[in-house]
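Residue numbering for the sequence shown follows my numbering, starting at 41 and increasing by one per position.
Note that beta-carbon positions come from the ideal geometry of N, C-alpha and C, so glycine has one too.
Everything on this sheet refers to the single structure shown next.
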Amino acid sequence: MGELLTYSALADFAPTPAQHQYPQPNISHNSYHTAGASLQLVPQENLLSFTCHTLPSFAPAPFHLAYYEVLTRFAMGEIKKLMITMPPQHGKSEGATRRLPAFVLGQDPDKRIAIVSYNAIKARKFNRELQRIMDDDRYYELFPQTLLAGQASYQEQGRRSRNYARNSDECEIVGYQGSFKTIGVGGSLTGEPVDMLIMDDLYKDASSAWSPVIRQNVADWYDTVASTRLHNDSQQLLVFTRWHMEDLAGRLLEQEGIYDPIENPQGWLLVSFPAIQNRPPSEQDPRAEGEPLWPERHSLEKLLEIKGRSPTVFESLYQQNPQPSQGLMYEEFSCYTDLPSRSYSVAYIDAADSGADYLCALFYKEAEDGNYITDILYTKDPMEVTETTLTYMLQQHQVERCHIESNNGGNLFVSNLQQRSWDTGNRLTRFNPFPQNQNKTARIFAASASVQKLIKMPLDWKKRFPKFARDLTGYLRVGTNAHDDAPDALTGTIECRQPPKRVSVAEMFGLR
Numbered sequence: 041m042g043e044l045l046t047y048s049a050l051a052d053f054a055p056t057p058a059q060h061q062y063p064q065p066n067i068s069h070n071s072y073h074t075a076g077a078s079l080q081l082v083p084q085e086n087l088l089s090f091t092c093h094t095l096p097s098f099a100p101a102p103f104h105l106a107y108y109e110v111l112t113r114f115a116m117g118e119i120k121k122l123m124i125t126m127p128p129q130h131g132k133s134e135g136a137t138r139r140l141p142a143f144v145l146g147q148d149p150d151k152r153i154a155i156v157s158y159n160a161i162k163a164r165k166f167n168r169e170l171q172r173i174m175d176d177d178r179y180y181e182l183f184p185q186t187l188l189a190g191q192a193s194y195q196e197q198g199r200r201s202r203n204y205a206r207n208s209d210e211c212e213i214v215g216y217q218g219s220f221k222t223i224g225v226g227g228s229l230t231g232e233p234v235d236m237l238i239m240d241d242l243y244k245d246a247s248s249a250w251s252p253v254i255r256q257n258v259a260d261w262y263d264t265v266a267s268t269r270l271h272n273d274s275q276q277l278l279v280f281t282r283w284h285m286e287d288l289a290g291r292l293l294e295q296e297g298i299y300d301p302i303e304n305p306q307g308w309l310l311v312s313f314p315a316i317q318n319r320p321p322s323e324q325d326p327r328a329e330g331e332p333l334w335p336e337r338h339s340l341e342k343l344l345e346i347k348g349r350s351p352t353v354f355e356s357l358y359q360q361n362p363q364p365s366q367g368l369m370y371e372e373f374s375c376y377t378d379l380p381s382r383s384y385s386v387a388y389i390d391a392a393d394s395g396a397d398y399l400c401a402l403f404y405k406e407a408e409d410g411n412y413i414t415d416i417l418y419t420k421d422p423m424e425v426t427e428t429t430l431t432y433m434l435q436q437h438q439v440e441r442c443h444i445e446s447n448n449g450g451n452l453f454v455s456n457l458q459q460r461s462w463d464t465g466n467r468l469t470r471f472n473p474f475p476q477n478q479n480k481t482a483r484i485f486a487a488s489a490s491v492q493k494l495i496k497m498p499l500d501w502k503k504r505f506p507k508f509a510r511d512l513t514g515y516l517r518v519g520t521n522a523h524d525d526a527p528d529a530l531t532g533t534i535e536c537r538q539p540p541k542r543v544s545v546a547e548m549f550g551l552r
């Protein structure tokens with residue numbers, strides 16, 4: 041779930057917390073206290089309790105309850121594809137890359153896990169840390185059946201371990217089929233299939249993430265190596281600090297979308313932790329706006345100092361909202377919770393000019409104070425497909441007026457759409473085809489202030505319309521833009537607004 045929503049995944053997967061409490065894991069025994077919350081957990085069943093048991097010095101912050109809860113549900117197989125974005129130095133690797141694999145192998149020694157980082161050196165460091173966790177007596181107390189080669193307790197278990205691998209790249213579980221492999225991006229991942237793929241920070245630093253060549257190399261490696269080892273039941277975890285709009289996280293969200301149990305069950309469940317809360321408090325993230333995520337370690341003063349030095353870097357690394365370094369055309373759009381009582385239903389359709397363009401259809405309620413976007417179709421599908429979809433959407437939204445740019449074959453498109461609407465019984469929609477001959481860039485620039493002021497988005501618009509949101513929020517005021525279809529269509533909705541109705545004196549006093 042999500043649009044980069046804070047703790048968005050937990051809306052579907054976690055229990056509802058009380059006000060200003062974070063989602064709490066399953067309760068049983070082994071009491072644990074943090075930030076006013078008293079939790080009782082089973083270390084063999086809950087990753088947070090397991091971490092506290094195997095790492096007694098661990099002092100979780102309140103937000104870690106939400107983080108470890110969603111990781112626990114991933115470990116239990118409730119989530120197939122999980123993406124977590126978090127600021128640097130907030131403990132993401134401790135939970136996802138060190139403790140999670142050990143916890144999963146304790147529960148299921150037959151699980152085959154692959155752990156990937158930006159290079160082999162970093163991956164082997166994770167390997168050594170994971171071995172130390174599983175060698176520790178605290179781990180053996182919880183999972184005595186999960187053993188690595190060379191542990192003294194093998195004689196007690198009556199197992200032979202000489203034929204089981206244990207090195208800096210791969211460790212196998214003695215007596216079982218399970219193992220964990222650690223590799224760097226670009227490395228080989230041959231042999232057995234992978235049941236669980238964990239990817240932790242696939243870019244070493246900013247220069248790597250901002251390099252088109254390295255970003256493409258990472259994407260190619262994922263497509264040709266990592267994903268080829270997955271099977272129908274494999275799970276994937278991508279834990280990330282965002283660097284760039286087109287990093288692997290951004291690319292996967294664009295290609296596969298955000299998880300929705302009905303509309304996109306194969307999408308990624310997205311949980312995002314901004315360093316400074318930038319949304320109203322919610323059940324999933326009860327922080328007040330402007331409140332830091334982990335003030336004991338990263339105070340608001342420190343975070344604002346970082347932001348002051350480089351706002352663009354701060355938005356990417358700390359807010360998980362990567363943006364271009366050049367000036368953007370738009371700021372954050374206003375969001376609504378309720379539609380206006382007095383409005384009428386309108387659609388604006390801009391058909392694709394070429395195969396590289398998107399068809400953009402905006403459905404909205406036009407009211408005196410602005411255009412309230414209710415639905416969007418943003419697609420490169422051919423017209424024979426979009427005609428059917430739009431016919432349904434026009435009827436579904438009870439559109440009264442439909443503006444359509446009729447350039448480049450648009451007249452045939454309009455004719456077909458009108459006929460299809462008529463054939464399905466839609467007598468409500470009035471079509472307004474018109475040619476658009478003005479310069480697109482100039483129109484977008486000239487109307488940008490009005491678009492910013494009058495466009496109202498639904499709260500979850502970035503989640504529901506990720507490609508549209510990407511092209512709109514990343515549109516540059518000056519420079520080259522890959523796609524201008526989103527801002528162009530929004531500009532059109534402003535240009536087509538009806539002028540304010542003139543009210544006579546008699547009407548003002550209710551005489552007419």
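- Measure the alpha-carbon distance for alanine 160 versus isoleucine 346 and round it to whole angstroms. Each residue's Cα considered, the two are about 30 Å apart.
- Query: Are the beta-carbon atoms belonging to isoleucine 444 and tryptophan 501 less than 8 Å from one another?
  - Reply: No, they are not a contact pair.
- Cβ pair leucine 309, isoleucine 153 closer than 8 Å: No, Cβ-Cβ distance for leucine 309 and isoleucine 153 is not below 8 Å.
- Kindly indicate the opening and closing residues of the alpha helix (DSSP H) around glutamine 256. That run of the alpha helix (DSSP H) goes 252-261.
- Task: Find out if the Cβ-Cβ distance for the pair glycine 224, alanine 163 is shorter than 8 Å.
- Result: Result yes, Cβ atoms of glycine 224 and alanine 163 sit closer than 8 Å.
- Query: Exposed or buried, serine 219, counting other C-beta atoms within 10 Å across all chains shown (16 or more means buried)?
  - Reply: Residue burial annotation: serine 219 is buried, with at least 16 other C-beta atoms found within 10 angstroms of its C-beta.
- Task: Would you kindly work out how many angstroms separate the C-alpha atoms of asparagine 167 and leucine 182, rounded to a whole number?
- Result: Here the alpha carbons of leucine 182 and asparagine 167 stand approximately 20 Å from one another.
- Message: Quick check: the Cα distance between proline 184 and histidine 523, rounded to an integer number of angstroms?
- Response: Those two C-alpha atoms are separated by around 56 Å.
- Item | methionine 174: first and last residue of the uninterrupted alpha helix (DSSP H) it sits in | Here the alpha helix (DSSP H) through methionine 174 covers 160-175.
- Message: Using a Cβ-Cβ cutoff of less than 7 Å, which residues in the same chain neighbour proline 83 once the five nearest sequence positions on both sides are dropped?
- Response: Excluding the 5 residues flanking it on each side, proline 83 has same chain C-beta neighbours closer than 7 Å at Asn70, Ser89, Phe90, His93, Leu182, in chain order.
- Message: Measuring only the C-alpha atoms, how far is arginine 467 from phenylalanine 453?
- Response: So the two alpha carbons sit approximately 18 Å from each other.
- Query: glutamine 435 lies in the alpha helix (DSSP H); which residues open and close that run?
  - Reply: Judged by DSSP secondary structure, glutamine 435 falls within the alpha helix (DSSP H) whose first and last residues are 423-436.
- Query: Using DSSP with H/G/I as helix, E/B as strand and the rest coil, what is tyrosine 204?
  - Reply: For tyrosine 204, the three-state secondary structure derived from DSSP is coil.
- Query: When the Cα of threonine 428 is compared with those of Ile416, Leu457, Gly514, Cys442, which residue comes out closest?
  - Reply: The shortest Cα separation from threonine 428 among Ile416, Leu457, Gly514, Cys442 belongs to Leu457.
- Cβ neighbours of isoleucine 534 in the same chain (closer than 8 Å, five flanking residues each side left out): Hits under 8 Å: Asn411, Ala487, Ser490, Val491, Leu494, Ile495.
- Item | Rounded Cβ spacing between isoleucine 124 and valine 258 (contact assumed at less than 8 Å) | Between valine 258 and isoleucine 124 the Cβ distance is about 18 Å, and since that is not below 8 Å, they are no contact.
- Query: First and last residue of the beta strand (DSSP E) that includes lysine 244?
  - Reply: Note, lysine 244: premise wrong, no beta strand (DSSP E); not H, not E.
- Message: Suppose contacts are defined by Cβ-Cβ distances below 8 Å. Is serine 356 in contact with arginine 282 by that definition?
- Response: In contact: serine 356 and arginine 282 (Cβ atoms closer than 8 Å).
- Straight-line Cα distance separating histidine 437 from leucine 465: The question names leucine, but residue 465 is glycine in the sequence shown. C-alpha separation (whole angstroms): 14 Å.
- Item | glycine 290 in three-state terms, based on DSSP | Glycine 290 falls in the helix class under three-state DSSP.
- Task: Report yes if the C-beta distance between cysteine 375 and proline 498 is below 8 Å; otherwise report no.
- Result: Taking 8 Å as the Cβ cut-off, cysteine 375 and proline 498 qualify as a contacting pair.
- Task: Return the CA-CA distance between tyrosine 62 and glutamate 440, expressed in angstroms with no decimal places.
- Result: Its pLDDT being 39, under 50, tyrosine 62 is placed unreliably by the model, and the measurement read from it follows with that caveat. Distance from the CA of tyrosine 62 to the CA of glutamate 440, rounded to the nearest whole angstrom, comes to 44 Å.
- From tyrosine 299 to aspartate 177, what distance separates their C-alpha atoms? Answer to the nearest angstrom: the Cα atoms are 39 Å apart.
- Could you check which residue in Asp209, Gln275, Ser267, Ala266 has the C-alpha nearest to that of leucine 140? The alpha carbon of leucine 140 has as its nearest neighbour, out of Asp209, Gln275, Ser267, Ala266, the alpha carbon of Gln275.
- Does the distance from the CB of leucine 402 to the CB of tyrosine 388 come in under 8 Å? Result yes, Cβ atoms of leucine 402 and tyrosine 388 sit closer than 8 Å.
- Message: Would isoleucine 254 and leucine 145 be called neighbours here (beta carbons separated by less than 8 Å)?
- Response: No, they are not a contact pair.
- Out of Leu270, Leu242, Gly215, state which residue places its alpha-carbon closest to the alpha-carbon of threonine 230. Per the Cα distances, Leu270.
- Query: What is the DSSP secondary structure of glycine 410, counted as helix, strand or coil?
  - Reply: Judged by DSSP in its simplified three-state form, glycine 410 adopts strand.
- Message: So lysine 507 and tyrosine 418 are supposed to be a Cβ contact under 8 Å. How far apart are they, rounded?
- Response: For a cut-off of 8 Å, the C-beta gap from lysine 507 to tyrosine 418 is around 5 Å, short enough to register as a contact.
- Report the three-state DSSP secondary structure of phenylalanine 354 (helix, strand or coil). Residue state, collapsed to three classes: helix.
- Item | Residue range of the beta strand (DSSP E) that includes glutamate 212 | It spans 210-212 - the beta strand (DSSP E) in which glutamate 212 sits, taken as one unbroken run.
- Item | Cα-Cα separation, leucine 170 to threonine 222 | Going by the C-alpha atoms only, they are around 10 Å apart.
- Query: For tyrosine 216, which of Tyr370, Tyr204, Glu85 has the nearest alpha-carbon?
  - Reply: Here the closest residue by C-alpha is Tyr204.
- Query: How big is the Cα-Cα spacing for glutamine 538 and glutamine 435?
  - Reply: Glutamine 538 and glutamine 435: Cα-Cα distance of roughly 22 Å.
- Query: Taking the continuous beta strand (DSSP E) assigned at serine 157, which residues delimit it?
  - Reply: Note, serine 157: beta strand (DSSP E), 152-157.
- Query: Is leucine 512 buried or exposed, if buried means 16 or more other CB atoms sit within 10 Å of its CB?
  - Reply: By the 10 Å Cβ count, leucine 512 comes out buried.
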